[in-house]
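Numbering (this note's numbering), first residue to last: 8 to 208. Structure first, then comments.
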Amino acid sequence: MPTIFDELLERFHAYLAGVDHDLVANEVARIGWDMPARSLEPRALGCLGYVDSIAALAPADAKPLTRLVADHRGELGWGQTYSAADFGQGFIDNYGWLEVFGTRGHFVNDAVAGGLLILGPNIVYPDHHHIAEEIYIPLTGGTEWRMGEGDFHIRDAGEVIHHASNVSHAMRTGKEPLMALYLWRGGPLAQKSTIGSEGRG
Ligand SMILES: [Fe+2]
8 MPTIFDELLE RFHAYLAGVD HDLVANEVAR IGWDMPARSL EPRALGCLGY
58 VDSIAALAPA DAKPLTRLVA DHRGELGWGQ TYSAADFGQG FIDNYGWLEV
108 FGTRGHFVND AVAGGLLILG PNIVYPDHHH IAEEIYIPLT GGTEWRMGEG
158 DFHIRDAGEV IHHASNVSHA MRTGKEPLMA LYLWRGGPLA QKSTIGSEGR
208 G
């Protein structure tokens, strides 16, 4: 009998397998999807109030994954890397992630981490960078993303956003919340990001 976590991993994989993009296809082929489960204590966060609207906003191909997460939010080990001292209490109440697999996720993987990030409406996730290379795919649209010294651009659900190692990036949500799928590879997979656009972390 598959667990809710098996279903989560399967839907995460199925969503990625449907993304028509070489970078993603290569990563999907490279990941060993038969991962051992890890038992995590459920943890709730303020941002979980957005998961129903996220599931409603998500396009058809992201519905199975976002709906499962919304329906089982209370069984999942949600996390935060920042504290109120970093970006304020308003950010903390509107931010969180779920690591599906990785060094601390629901499945054990020391080579690559994959999960889901939530940001509530009208939130700025300021410039930050990290050693790990990162692929993001927003599952809801309307958020502005910026990388390096570039400007903010609105990205639709399903667009593939690639952050090379140590390149600074930032996000700014609009009137709707964001859920974005992420993959991290090639660095300490649980490292807290370095804040700011200058320097190398
Ligand atoms: Fe990042």
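Glycine included, each C-beta is placed from N, C-alpha and C at the ideal position. The model shown is predicted, which means the values in this text are computed figures rather than measured ones.
Exposure label - Ser46; buried when at least 16 CB within 10 Å
exposed
Ends of the beta strand (DSSP E) at Asp134?
Val131 to His136
Alpha-carbon to alpha-carbon, His136 and Arg111
20 Å
Curious, which full-length beta strand (DSSP E) runs of at least 3 residues does the segment 44 to 75 contain?
none
Starting from Ile11 and walking both ways along the alpha helix (DSSP H), at which residues does that stretch end?
Ile11 to Ala24
Rounded to whole angstroms, what's the CA-CA distance from Cys54 to Ser172? Just pull it up for me.
28 Å
Starting from the C-beta of Asn101, find all residues in its chain whose C-beta is less than 7 Å away, skip the five residues before and the five after it, and write them out in chain order.
Gly53, Cys54, Leu126, Gly127 and Ile130
Leu83 beta carbon less than 9 Å from that of Met186
Contact: no.
Once the 5 residues before and after Leu212 are set aside, which same chain residues still bring their CB inside 6 Å of it?
In the structure as shown, the chain starts at 8 and stops at 208, and residue 212 therefore has no counterpart that could be examined.
Name the two residues that bound the continuous beta strand (DSSP E) containing Phe108.
Tyr102 to Gly109
Taking the straight line between their C-alpha atoms, what separation do you get for Ala24 and Val58?
23 Å
Just checking Ser172 against ligand 1 - is the residue's beta carbon closer than 8 Å to any of the ligand's heavy atoms?
no
Going straight from the alpha carbon of Val26 to that of Ala36, what length do you get?
12 Å
Between which two residues does the beta strand (DSSP E) holding Leu185 run?
Segment Leu185 to Arg192, the beta strand (DSSP E) holding Leu185.
Give the secondary structure of Leu124 by DSSP, where H, G and I count as helix, E and B as strand, and everything else as coil.
strand
Determine the burial state of Thr180: buried for a count of at least 16 other Cβ atoms within 10 Å of its Cβ, exposed for fewer.
buried
Quick one: using the 10 Å Cβ neighbour count with 16 as the cut-off for buried, is Ala91 buried or exposed?
exposed
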